[in-house]
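Each remark here refers to the structure printed beneath this line.
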Amino acid sequence: MHRIAAVVAAILGTTGIMAVVPAHANTTPASANVQPKVASAQTSQTLREVVVTATALKTTQLNASYNVVEANYHLIQESANYSTAGLLKLAPGIWPESSGGQTGANVEIAGYPSSSDTPFFQTMIEGMPLFGTSSLGYEESTSLFRIDDTISNVQIVQGGPSVIYGDGVFGGAANFMLKNGQSNPGGRMSVTYGTEGLWRLDGYDGFKIADGWYGSVGGYYRVSHGVRMSQFPAIQGGQFTATLKHDIHGGSILAWARVLDESDEFITDYPLIDNNGSFSAYPGFNPLTGTYNGYDNENITMPDQATGGFQTANLANGRGDSLDYFGVRYHQHIGSWHLMDDFIIDGGDNNTNAWFSGPNPEPLSMFLYACNVSEPAGWCNGTTPVETNNLGPGGKGYPVSQNIEAQYAGTGTQVPLSRNVVEQSYHYIQMSLQNITDEFQVSRRMFKGNILTGGIYGSYYTENSNWTAAQGLMTATSNAQMIDLSYMQNGQTYYISSPQGILNENNSYTNGVRHGDGRKIALYLSDSWHYGPWLLSGGARMEHINEHERTCNTTPEQLGSVYDLYDNAVPICNGTYVDKQLQGTMPTYTFGVNYDFSHHMSAYFRWNNGVLFPNFDGIADVTRFPPIETAHNYEIGYKYENRYIFADITAFHRTFGGLLYQESTLTGLPISGAYSTYGSVANGIELNGYFGPFDGFSLRYVGDYVHGYYRDDHSCLPYVDINGATGCASIDGAPLARQPELQFNLTPTYTFLVPWGDVSAWVTIEHVGQRYDGEYGTQPLGVYNMLSGGILTKVGRHWTVRVQGTNLTNTIALTEGNAREFGEALGVGDVILGRAYPGREVRITAAYRF
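Quick note on this note's numbering: the sequence shown kicks off at 1 and runs consecutively.
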């Protein structure tokens, strides 16, 4: 916890730092002490907004021939999102599933097929990606970043010229810019209390050090029990950020550093009742406040596949981060030349401690004996169980005569056979990441209106990880109790589970001990020509990737006694390794044309392709490398602004290919050696803007409609469903997994004057349309409407008080179903496993500006 203590000391020590630098009075205009009205935040995006993301030189919203949304500090604060991923709802066409907590989100880009992590999305600070690849298993880019008062603004870009610059991501990117003492002088301290047991302290100070030298410091520390009360803290930790900026002739150099040390609880799927597409609570489990996590399953003893011994995993550590960042941004104009260099080096731990879903809950009697004893209605067809997740005949094969003993772990108390239980999988992923990235760019004005840009991008990144998984049995209740199982045979006790209720440590990862290193280098050339009202832009990029993955081979070993059945064949690293390497070189292109009708209106057309190389997981898990995935994006857009309205409308057509599948017969029987690829196609419309018909009122809106489906999969994709039944389905024409066909947010805001200052109030109405879990398109996730909102008042020149809340209507807003089961997801009693946003959460923040 010494890193956390350092964060607190750094925040509280800001006053001490100020003692050795000039006072703010010398650097801050009087107006900087006045809190801007919330209404200005709601309507901050205009066609004159400066865009620095996915462009060689600064441009404006009017001239940017691609989809870009900017949110300033105040709009970020108002959004009241659960996490960094949740903030992405400010941009149309991005669907963040942030219901799992502060980290571990899934981010989908409209029209591109994905259902986990962030394969087509990159999170950046000051133009630099936080890791060399957009995501890995158990690591997605939004998890590496936390929002606090040190953030000046964020620009969220989709497609367009982003395929040329930086990491070359073709789906989307969020570029967060830091405050610095020059452009953001002055300070702010705030304390926040949340109804979920949150206490948070934030601080920021920006100051002038000397002529041409500016600095800033800031960060936060927080602890929260979470809306889903896990008994231990759901969030604990903080971060500290510092910047140093120096003006040079024709430009500047900005150096920045960040320390992040935080533990974040991860939420898995839980049981709900499916009422023909709407959802209600499963008996004994509140879908808005419940979680399996609790003291009884917090500390779990797991095998260590690297050493062959045991290790303890702490659920309270969640999907947390202990990361250090350092970056430098340089830019300078020298005559007709412009030079730019962005650099970042970062690394640390990004570990996962979490329960993940498995089969549906069932009575303990069903799990132990199936239909060989009396069962509740619906579980048996005569003596045949309707599902195979049991220990008896038809399941794992334990004879009924063994009379299995079931006790609450650690207490010896008998568990009633009528108690509903669920099997979950504990995943303990120890992951260490390192990354060094640099981008150097040169631009020159060739003739009037024409700028030619060339650049080189290089990245070196590594991953060292130890993956362990174990299945456990617990009650299907919030703060679940673990259940241990044993039986007697010939006077000897056989242990089906560990004393903690771990049923199976033998089904862990067979390639869990890994080392990966990757090198990425890209050369690009782009040109833009402004001719009257026309702006033509185009570019090409050639990227080469070289990834190496070293995986330890395993041998099944007995870790306990011969009477321990749960760990008698655990895969343990045997000292031999498999080395795999992937090399590839692929081009990307973009072309756009923009026409300015006036200073308030423009239209554009953009075409680009995109490339996604396999990451470490792709080359470690299979004997056959997955192919390179490719995308093509065609879009037209229209932008308009006047005193009362801002509108940014985009229509797109997107195709995708390169998903690997094994061909099969019509009955799902795989054809040996026959592999092919499939993809998807999508058409859609995206809308973003605001409407302000009179002073003090504005209506911000963001939304999209997309019709996307899979194509070119000429097989019957086999599966084993939630009930253990085998089957196959054709996914050709099925809707893209988990992407809503229609989604939109409406945020009306009203600001009015009061004797002590002003008051702003706003609400956000979020509508999410139907979407389906998994590629099969068999399990609908429902339609929901969710309400959030807040009130902000300024008191005098220095104080502000903010009250805001999320999911004020306690809506069961489902983001995913059972992500680890395929085919039919509906079980006995219309029960499914799914994950929704937590229930109502209200926070109050008091802030002082100086």
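Note that the Cβ used here is the ideal one computed from N, Cα and C, for glycine as well.
From residue i to residue j, what does the alpha carbon distance come to, in whole angstroms?
i: S162; j: N785; result: 33 Å
i: F616; j: K179; result: 34 Å
i: T59; j: L47; result: 10 Å
i: V611; j: V169; result: 8 Å
i: G101; j: S143; result: 10 Å
i: Y509; j: Q489; result: 31 Å
i: Q122; j: S141; result: 6 Å
i: I345; j: D296; result: 40 Å
i: V271; j: Q155; result: According to the sequence as given, residue 271 is Pro; it is not Val. Going from the Cα of P271 to the Cα of Q155 covers about 37 Å.
i: A846; j: Q77; result: 13 Å
i: Q42; j: F120; result: Any reading at Q42 needs caution, since the residue's pLDDT is 46, under 50, leaving its predicted position unreliable; the model's value is listed next. Distance between the alpha carbons of Q42 and F120 is about 28 Å.
i: T751; j: G805; result: 18 Å
i: Y325; j: D342; result: 13 Å
i: Y73; j: Q311; result: 43 Å
i: N67; j: Y634; result: 12 Å
i: I404; j: T468; result: 27 Å
i: L473; j: H331; result: 57 Å
i: N390; j: G657; result: 40 Å
i: L88; j: Y495; result: 48 Å
i: P735; j: E663; result: 20 Å
i: Q182; j: E439; result: 24 Å
What residue from the options has the CA that sits closest to residue i's CA?
i: N350; options: G137, Y73, L536, V795; result: G137
i: G166; options: N184, G378, S134, G703; result: S134
i: S263; options: L315, T307, F240, N276; result: L315
i: Y112; options: A847, F744, I844, A631; result: A631
i: N276; options: I156, T241, G212, L781; result: L781
i: R222; options: T726, W607, L198, T555; result: L198
i: N891; options: E139, G160, L90, I619; result: A question about residue 891 goes unanswered here, because the residues of the chain that appear run from 1 up to 850.
i: N293; options: G93, Y282, T268, A313; result: T268
i: A651; options: L792, T749, G93, E196; result: G93
i: A761; options: S698, D773, R738, H767; result: S698
i: H767; options: A242, T809, G829, T778; result: T809
i: S788; options: E70, P385, G86; result: G86
i: I109; options: S730, I521, W95; result: W95
i: V415; options: M482, D517, S459; result: M482
i: Q885; options: F279, K580, I628; result: Past the edges of the chain, shown from 1 to 850, lies residue 885, and the structure says nothing about it.
Give me the Cβ distance between residue i and residue j, rounded to the nearest whole Å; I'm assuming they're in contact under 8 Å.
i: L288; j: G839; result: 3 Å
i: R519; j: E463; result: Not quite, the Cβ-Cβ distance comes to about 13 Å (not below 8 Å), so this is no contact.
i: A877; j: S99; result: There is simply no residue 877 to check, as the chain begins at 1 and stops at 850 in what is shown.
i: G206; j: H246; result: Rounded, the Cβ-Cβ distance is 15 Å, inconsistent with contact.
i: R228; j: G290; result: 6 Å
i: E549; j: A620; result: 5 Å
i: Y701; j: L687; result: 7 Å
i: G829; j: G378; result: 6 Å
Is residue i near the ligand FMN, with its Cβ less than 8 Å from a heavy atom?
i: L826; result: What this structure holds is no ligand at all, so the ligand FMN is not there to describe.
Go ahead and pull the three-state DSSP assignment for residue i.
i: S40; result: Confidence is the limiting factor: at S40 the pLDDT is only 38, short of 50, which leaves the residue's position unreliable, though a coordinate-based value still follows. DSSP places S40 in helix when its eight states are reduced to three.
i: K396; result: coil
i: S680; result: strand
i: Q583; result: strand
i: I76; result: helix
i: Q155; result: strand
i: V328; result: strand
i: N180; result: coil
i: A19; result: Annotation note: pLDDT 31 at A19 (below 50); position unreliable, coordinate value reported separately. If DSSP states are grouped into helix, strand and coil, A19 belongs with coil.
i: F367; result: helix
i: I147; result: coil
i: A64; result: coil
i: G618; result: helix
i: S357; result: coil
i: N745; result: strand
i: S31; result: Low per-residue confidence applies at S31: pLDDT is 35, beneath 50, and the placement is therefore not dependable, though the value from the model is reported in the following sentence. DSSP places S31 in helix when its eight states are reduced to three.
i: T475; result: strand
i: Y675; result: strand
Establish whether the CB of residue i and some CB of chain C are separated by less than 9 Å.
i: N553; result: This model lacks chain C altogether; it includes just one protein chain.
Could you pull the DSSP bridge partners for residue i from this structure?
i: H600; result: BP columns for H600 are empty, so no partner.
i: F752; result: V759
i: E816; result: R835
i: G318; result: D264
i: H798; result: Paired residues: none, contrary to the question.
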